[in-house]
Structures are given as structure tokens and as C-alpha cells.
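What follows is the structure, given as C-alpha cells:
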């Protein structure tokens with residue numbers, strides 16, 4: 000049984016814990032926030048209900064995840080530690096340095112960073128060959144891919160072990176061959192987001208209509224036919240013809256749009272604050288999360304048939 004520690008119980012942490020425990024791992028979890036620790040078990044239970052709906056086998060038996068009150072307790076005797084703290088380079092480096100001093104030399108140190116190059120996270124670790132990217136997609140207990148990313152010093156053995164481990168979670172390992180910022184999923188997502196925000200900001204389309212266009216247009220297609228296969232389906236000649244005039248007109252800004260900067264400056268961060276691109280009541284937030292989870296489960300089951 001692989002002994003796994005998850006550090007950070009925010010947006011992603013509890014879904015990750017549920018998935019790991021469900022696969023038969025002995026899981027301990029820790030967060031510096033007492034509130035996050037207190038809310039963890041109900042959130043893990045909710046994630047398990049979704050995994051039930053997906054028909055995921057439960058290999059965990061009676062071994063429930065442990066929510067502990069210290070980093071040292073969490074990582075004691077761990078074979079794998081997954082760092083899931085906020086997306087700040089200095090913080091992640093410091094946390095990995097702390098973990099490094101508490102675990103054995105054979106423990107694999109994985110980061111769930113959304114895009115910080117793994118090479119930067121290896122710098123202050125005693126055995127950088129065991130540091131690897133393990134990038135889950137949100138919600139982590141529903142979206143079945145995990146990007147596996149090697150830094151400059153990650154050993155081939157660590158990469159092979161992680162690919163095998165992800166497969167054992169009933170997830171799909173996606174091996175990223177170069178340690179580029181954002182890896183692959185988020186580079187593509189943020190390219191889409193940049194163009195989407197630009198179109199709304201310029202008044203070409205409103206936010207709700209933009210979402211309808213993407214969800215029922217390219218989103219619907221891409222769930223079944225990936226971008227490379229879509230090129231073949233449409234014809235490379237079509238892509239060359241359209242790309243020859245459209246690419247130069249696409250948004251290519253290097254900064255974040257004023258629309259987003261203004262909203263974040265006011266504290267309008269989205270569902271977590273009750274307002275962002277749209278407004279939400281507390282009741283709507285709960286209803287939306289439940290409805291979206293139900294739809295994602297249905298789509299995943301359809302795609303797996």
C-alpha cells in the first residue's frame with residue numbers, strides 16, 4: 000500500500016484525497032488553515048459520492064483518510080507527498096524544502112502546480128531526481144487526466160513510477176515531454192481564455208453568449224475529437240487558409256486584460272466571493288457546483304463508452 004500525504008486542502012485537495020484513498024492508498028492530509036482541516040472530511044465525503052456515481056471501484060476498504068494537525072505528522076513514513084499549496088513559487092519552494100527534511104530519501108515529492116516549471120521547484124531539494132510534477136485538473140476527482148512533468152533533474156525512474164501510479168488511480172497519465180510554464184493543458188486553456196476575455200472586453204459578444212458559443216461549439220466537439228484529430232477532420236488546407244488571415248488578428252497581449260485586473264482589484268474573484276464575470280448568491284454557488292458535477296459525471300460516462 001502506497002502511503003501518500005497531501006499538503007493543502009483548498010480547491011483541489013479534498014478531491015485528490017478522495018481519489019487517492021479510493022484507489023487503496025493510505026492517505027494523510029494537512030493544511031495550515033484550521034478551517035480547511037475542519038471542512039475537509041465533509042468535502043471528501045461529497046467527492047466520494049461523485050466517485051460512486053462514476054462507478055469507481057473502492058479499494059480503500061475501511062482505511063479512511065487522516066486529517067492531521069501538523070506537517071510532520073502528515074508526511075511521516077510517506078512514499079509519496081503531493082504539494083498542493085497556493086501558486087506562489089517562493090511558498091512552494093519553502094514547503095518542499097520543509098518536506099524534504101522530514102521524509103526518507105526514497106519518498107517521491109510531487110507538485111500539483113498549475114504551471115510553475117518543475118525545474119524551479121527542484122533547486123532546494125536534497126535529491127532533485129525524486130521531484131516531479133503531478134498536475135491534476137479541477138475538479139480532480141472527476142476530470143480523469145493527470146499531467147506528469149519531469150524537471151531537468153527528475154530521474155527516469157521517478158517518471159516511470161509516477162506514470163504507473165497515476166494509472167493505478169484509474170486516471171489517465173499524460174506525459175509532458177518538456178518542462179514549459181503552464182505545461183500543456185493550461186497553456187491551451189489560457190490561450191482560449193485570453194481570446195475569450197478579449198472578445199468580451201471589446202464588446203464583440205457578452206459573457207453569457209460567449210460561454211454558449213464555446214460550450215456548444217468547440218467545447219462540444221473537442222470533448223470527442225481532440226485538436227490534432229480535428230485538423231484532419233476539417234482538413235489541413237482549411238486550417239492553412241483560415242489561419243493565414245485569422246492568426247494575425249487574434250489577441251496576442253502579454254499582460255492580463257484590464258477587465259480582469261479591475262475585477263480582481265475590487266475583490267470580485269468569482270464564485271468564491273459571490274461575483275466575478277457573473278453574480279452569485281450562496282445558494283446559487285451550491286446549486287451550480289452540484290449541477291456541474293452531475294453533468295461532468297454524465298459526460299465522462301458517455302465518453303468512456
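In the working numbering, the protein residues as written are 0 to 304.
The C-beta atom is built at its ideal place from N, Cα and C for all residues, glycine as well.
State the Cα-Cα distance for the pair residue 172 and residue 22, rounded to the nearest angstrom. On the chain shown, position 173 is the one that residue 172 refers to. On the chain shown, position 23 is the one that residue 22 refers to. If I take the Cα positions, the gap works out to 15 angstroms.
Taking the alpha carbon of residue 154 as the reference point, which residue from 117, 167, 135 has its own alpha carbon closest? Position 155 of the chain shown holds residue 154. Comparing Cα-Cα distances from residue 154 to each of 117, 167, 135, the minimum goes to 117.
Let me know the secondary structure DSSP gives residue 237 once reduced to three states. To locate residue 237, count along the chain shown from 1; it is residue 238. In this structure, residue 237 counts as helix in the three-state DSSP scheme.
CB of residue 138 within 9 angstroms of CB of residue 295, strictly: Residue 138 sits at position 139 when you count from the first residue of the chain shown. Residue 295 sits at position 296 when you count from the first residue of the chain shown. Result yes, Cβ atoms of residue 138 and residue 295 sit closer than 9 angstroms.
For residue 96, report the span of its alpha helix (DSSP H) as first-last. By one-based count along the chain shown, residue 96 stands at place 97. Unbroken alpha helix (DSSP H) run through residue 96: 88-99.
If residue 13 sits next to residue 46, beta carbons under 8 angstroms apart, how far is it from one beta carbon to the other, in whole angstroms? Along the chain shown, read from residue 1 onward, the residue named residue 13 stands at position 14. Along the chain shown, read from residue 1 onward, the residue named residue 46 stands at position 47. Contact flag correct, Cβ pair sits at about 6 angstroms.
Helix, strand or coil, according to DSSP, for residue 125 in the structure here? Along the chain shown, read from residue 1 onward, the residue named residue 125 stands at position 126. It is coil, neither helix nor strand.
Taking residue 369 as part of the beta strand (DSSP E), name the residues at either end of that continuous run. Given a span of 0 to 304 for the chain in the structure shown, any question on residue 369 remains unanswerable.
Between 285, 262, 143, 283, which lies nearest to residue 276 when the distance is taken from Cα to Cα? For the purposes of this step, residue 276 is taken as the residue at position 277 of the chain shown. Ranked by how close their Cα comes to the Cα of residue 276, the residues 285, 262, 143, 283 have 262 in first place.
Mind checking who residue 167 pairs with in its DSSP beta bridge? Translated into positions along the chain shown, residue 167 becomes position 168. Note: residue 167 sits in no beta bridge, so no partner.
Once you ignore the five residues that flank residue 126 on each side, which residues in its own chain have a CB closer than 7 angstroms to its CB? By one-based count along the chain shown, residue 126 stands at place 127. So the qualifying residues of the chain are 104.
Starting from residue 32, trace the alpha helix (DSSP H) in both directions and tell me its first and last residue. Residue mapping note: residue 32 aligns to position 33 of the chain shown, counting from 1. First-last for residue 32: undefined, no H or E at that position.
Report yes if the CB atom of residue 78 is closer than 9 angstroms to the CB atom of residue 3, and no otherwise. Start at 1 with the first residue of the chain shown, and residue 78 comes out as number 79. Start at 1 with the first residue of the chain shown, and residue 3 comes out as number 4. Closer than 9 angstroms, so yes.
Specify, as a first and last residue, the run of the beta strand (DSSP E) that residue 146 falls within. Residue 146 sits at position 147 when you count from the first residue of the chain shown. Run containing residue 146: 144-149, per the beta strand (DSSP E) assignment.
What first and last residue would you give for the alpha helix (DSSP H) that runs through residue 258? As a working note, residue 258 is residue 259 in the chain shown. It spans 257-264 - the alpha helix (DSSP H) in which residue 258 sits, taken as one unbroken run.
Is it the case that the Cβ atoms of residue 43 and residue 20 are separated by a distance below 9 angstroms? Against the chain shown, residue 43 aligns to sequence position 44. Against the chain shown, residue 20 aligns to sequence position 21. The answer is yes: Cβ separation under 9 angstroms.
So residue 110 packs on residue 120, CB below 8 angstroms; how close in whole Å? Here residue 110 refers to the residue found at position 111 when the chain shown is read from its first residue. Here residue 120 refers to the residue found at position 121 when the chain shown is read from its first residue. About 5 angstroms separates the beta carbons of residue 110 and residue 120, which is inside the 8 angstroms limit, making them a contact pair.
By the DSSP assignment, the alpha helix (DSSP H) with residue 204 in it spans what residues? The residue labelled residue 204 in the question sits at position 205 within the chain shown. Unbroken run through residue 204: none, as it is neither H nor E.
Through-space distance from residue 69 to residue 221, alpha-carbon basis: The sequence position of residue 221 within the chain shown is 222, counting from 1. The sequence position of residue 69 within the chain shown is 70, counting from 1. Going from the Cα of residue 221 to the Cα of residue 69 covers about 43 angstroms.
So, does the segment 161-172 touch the segment 227-245, judging by three or more C-beta pairs under 8 angstroms? No, they do not touch.
Would you mind sorting residue 28 into buried or exposed? The rule is 16 or more other CB atoms within 10 Å of its CB. Position 29 of the chain shown, counted from the start, is the residue given in the question as residue 28. Residue environment for residue 28: buried (at least 16 other C-beta atoms within 10 angstroms of its C-beta).
Could you give the first and the last residue of the continuous beta strand (DSSP E) run that contains residue 6? Looking up residue 6 in the chain shown gives position 7. Counting along the chain, the beta strand (DSSP E) containing residue 6 begins and ends at 2-6.
Grouping DSSP H, G and I as helix and E and B as strand, with all else coil, what is residue 68? Position 69 of the chain shown, counting from 1, holds the residue named residue 68. Three-state result, residue 68: coil.
Can you tell me whether residue 51 is buried or exposed? The criterion is at least 16 other CB atoms within 10 Å of its CB, across all chains shown. Taking the chain shown and counting its residues from 1, one reaches residue 51 at position 52. Flag for residue 51 reads exposed.
Going by beta carbon distance, what residues of the same chain come within less than 6 angstroms of residue 94, once the five residues before and after it are set aside? Taking the first residue of the chain shown as 1, we reach residue 94 at position 95. Closer than 6 angstroms at the Cβ level, and outside the excluded window around residue 94, lie 82, 84.
Just reading off the beta strand (DSSP E) that residue 388 is part of, what are its end residues? One cannot answer for residue 388 here, as it falls past the ends of the chain, which runs 0 to 304.
Could you check whether residue 195 and residue 209 sit closer than 9 angstroms to each other, using their CB atoms as the reference points? Here residue 209 is taken as the residue at index 210 of the chain shown, counted from 1. Here residue 195 is taken as the residue at index 196 of the chain shown, counted from 1. Yes, they are a contact pair.
Suppose contacts are defined by Cβ-Cβ distances below 9 angstroms. Is residue 66 in contact with residue 6 by that definition? Taking the first residue of the chain shown as 1, we reach residue 66 at position 67. Taking the first residue of the chain shown as 1, we reach residue 6 at position 7. No, Cβ-Cβ distance for residue 66 and residue 6 is not below 9 angstroms.
Local conformation of residue 172 per DSSP, three classes: Translated into positions along the chain shown, residue 172 becomes position 173. Of the three classes helix, strand and coil, the one that applies to residue 172 here is strand, per DSSP.
Run through the DSSP bridge pairs and tell me what residue 159 is partnered with. Residue mapping note: residue 159 aligns to position 160 of the chain shown, counting from 1. None, per the DSSP bridge assignment.
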